[in-house]
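Student:
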Amino acid sequence: MEINLKGKRVLITSSTKGIGKELAKVFLKEGCKVVITSRNKQNVNLALEELRQISSNDVFGLTSDLTDYNSLSKLVNDTINLLGGIDVLVVNSGNTPKEPSTMLENSIEDWEHATRLFLLGPVYLSTLVSKYMIEQKWGRIIFISSWTIKEPQDFFSLADVTRASLIQFTKLLARELGKYGITVNVLLLGSFPTETSIKTLHKIAQKLGMHFDELWNKYVIDVSAVKRVGNVEKDLGPLVIYLSSEYSSYVTGSYFLIDGGTTRAI
Ligand SMILES: NC(=O)c1ccc[n+]([C@@H]2O[C@H](COP(=O)([O-])OP(=O)(O)OC[C@H]3O[C@@H](n4cnc5c(N)ncnc54)[C@H](OP(=O)(O)O)[C@@H]3O)[C@@H](O)[C@H]2O)c1
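Note that the sequence shown ends on residue 290 in the working numbering; no numbers are left out.
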C-alpha cells in the first residue's frame, strides 16, 4: 500500500514544540505543505528554522491562540491565503498552566480556560475549516487528545473533563460531514515524552512525595502493555498519515488509542 500525500495542505495547531512540531515533520517528509502555529512569535520562528531543514519552501508559521476565537478566524483566513486551501486539519492543544491539579484546586477561571483550550477552540476552528472542506468536497480533521479521558486521572481533571465532550462533537460532526468526503477522528495518546510532559511528571512526583524515577517506572512504563513510551515519528506518525489519506475514507467519528496498551477500559 502506498500513501501519497504530496502537495496536501495541512494546518496543525499548537505545533511549535512537542508532539505538534514532530507531526509537522512527519507531514513535511510526506511532501505536504504545512502551516504551524502557536501563541508566541519567537517560538514560531524557532520551529520554522528547524522545520525548514526538512523542506525549506513548504512550511509556514502563524501566531494564533486556541483560546481566542478571533485569532482562530484569522488563522483560517491566513492559512487559506498562504496554502490556497486546507485539506488536513490537525487540532493539537497546549496544556493548562494549572495542571497538574486536583478538582478542588481548580478555580472557575481554570475551568473556563481549559474549556476554551480543549473544547471550544477546537470546536470553533474545526467548524470554520469544515465550511471550506465542504466546498472542496474533501477533508480530514484529526483531534489530538489523551488516553486519560477514558480513565480520568486525579491530576488531569481540567483536561479530562473538558476533552471528553470532544468525542461527542467528533461523532456528530463526522455524521454531518460524511457526505462531503470529510472524515473526523480523535487520537487518544499515551505517553509521548516532551519537555512539558516531563516537567508535569516532575510536579506530580513532588505532589505525591515520590522520586521521579519511581513515578516514571510505576505510572508511565509499568502501566503500559509494551513497557515503553511512544515515539511520535514511529508510533503516531503512520496513523496520522493513514487518517489523512484516501485509504481512511470509511473511518470517521472514531477514536483511536495509541497508548502502548495503557488503557484497560473497553
Ligand atoms: N506528551 C504527552 O505524553 C501527551 C499525552 C497525551 C496527550 N497529550 C496532549 O498533546 C498536546 C501536546 O502536548 P505536548 O507535550 O507536545 O505539549 P508542548 O510540548 O507543551 O507543546 C505545546 C504547544 O502548544 C502551543 N500552545 C500552548 N498553548 C496554546 C494555545 N492556547 N494556543 C495555541 N498554541 C498553544 C505551545 O506554544 P506557545 O507556548 O508558543 O503557544 C507549543 O507549541 C497537549 O494537549 C497534551 O495534553 C500529550
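Ideal Cβ placement from N, Cα and C applies to all residues, glycine included.
Predicted model, so just to flag it, every value in this text is computed and none were measured.
Measuring only from the beta carbon, is L141 closer than 7 Å to any heavy atom that is part of ligand 1?
Tutor: At least one heavy atom of ligand 1 is nearer than 7 Å to the Cβ of L141, so yes.
Student: Among Y243, V153 and S117, which one has its Cα closest to the Cα of N101?
Tutor: Among Y243, V153 and S117, the Cα nearest to that of N101 is on V153.
Student: In chain order, what residues of the same chain have a beta carbon less than 7 Å from the beta carbon of W171, not counting five sequence neighbours either side?
Tutor: Excluding residues within five positions, the ones whose Cβ falls inside 7 Å are L212, L213, G214, L281, D283, T286 and T287.
Student: So G205 packs on W162, CB below 8 Å; how close in whole Å?
Tutor: About 5 Å; that satisfies the 8 Å criterion.
Student: Using CA coordinates, which residue listed in S80, M157, N119 and S95 is at the minimum distance from I110?
Tutor: Residue M157 is the option with its Cα nearest to I110.
Student: Quick check on the DSSP output: what are the complete beta strand (DSSP E) runs of length 3 or more inside the segment 155-239, in order along the chain?
Tutor: DSSP runs (the beta strand (DSSP E)) wholly in the segment 155-239: 163-170 and 206-213.
Student: Are P146 and S181 closer than 8 Å when you measure CB to CB?
Tutor: No.
Student: Count the other C-beta atoms from every protein chain shown that fall within 10 angstroms of the C-beta of K203, then say buried if there are 16 or more, exposed otherwise.
Tutor: Flag for K203 reads exposed.
Student: Pull up the CB-CB distance for L86 and V59, whole angstroms please, since I reckon it's below 8 Å.
Tutor: L86 to V59, Cβ: 6 Å. Contact.
Student: Look at the Cβ atom of I265, then the Cβ atom of L29, and state whether they are nearer than 8 Å.
Tutor: Contact flag set, yes.
Student: Classify L128 as buried or exposed, calling it buried when 16 or more other Cβ atoms lie within 10 Å of its own Cβ.
Tutor: Per the 10 Å Cβ criterion, exposed.
Student: Nearest-angstrom Cα distance between S71 and H137?
Tutor: Correcting the residue identity first, residue 71 is Ala in this sequence and not Ser. C-alpha separation (whole angstroms): 25 Å.
Student: Quick one: using the 10 Å Cβ neighbour count with 16 as the cut-off for buried, is P121 buried or exposed?
Tutor: So P121 counts as exposed.
Student: Quick check: does the Cβ of S189 come within less than 7 Å of any heavy atom belonging to ligand 1?
Tutor: No, ligand 1 has no heavy atom inside 7 Å of this Cβ.
Student: Report whether the distance from the Cβ of S117 to the nearest heavy atom of ligand 1 is below 7 Å.
Tutor: Indeed, a heavy atom of ligand 1 lies less than 7 Å from the Cβ.
Student: Which first and last residues belong to the beta strand (DSSP E) in which L35 is found?
Tutor: Per DSSP, L35 belongs to the beta strand (DSSP E) from R33 to I36.
Student: When DSSP labels each residue in this structure, what does V253 get in the three-state scheme?
Tutor: Correct three-state label for V253: coil.
Student: Touch check for the segment 223-243 and the segment 181-195: three-plus C-beta pairs under 8 Å?
Tutor: With the cut-off at 8 Å, the segment 223-243 and the segment 181-195 do not touch.
Student: Skipping 5 residues on each side, what residues in its chain have a beta carbon closer than 8 Å to that of H235?
Tutor: Around H235: A229.
Student: For the candidate residues R199, N105, F179 and T151, whose alpha-carbon lies nearest to that of N119?
Tutor: Ranking the options by Cα distance to N119, first place goes to F179.
Student: Between which two residues does the alpha helix (DSSP H) holding K98 run?
Tutor: Where K98 is concerned, the enclosing alpha helix (DSSP H) stretches over Y93 to L107.
Student: In terms of residues, what are the limits of the beta strand (DSSP E) holding V59?
Tutor: Segment K57 to S62, the beta strand (DSSP E) holding V59.
Student: Measuring alpha carbon to alpha carbon, tell me which residue in L52, Y93, S88 and T91 is nearest S79.
Tutor: Selected option, being the one with the closest Cα: L52.
Student: Is any heavy atom of ligand 1 found at a distance shorter than 7 Å from the C-beta of D246?
Tutor: No; taking the cut-off as 7 Å, the Cβ of D246 has no heavy atom of ligand 1 nearer than that.
Student: Consult DSSP for G145 and reduce its assignment to one of helix, strand or coil.
Tutor: DSSP places G145 in helix when its eight states are reduced to three.
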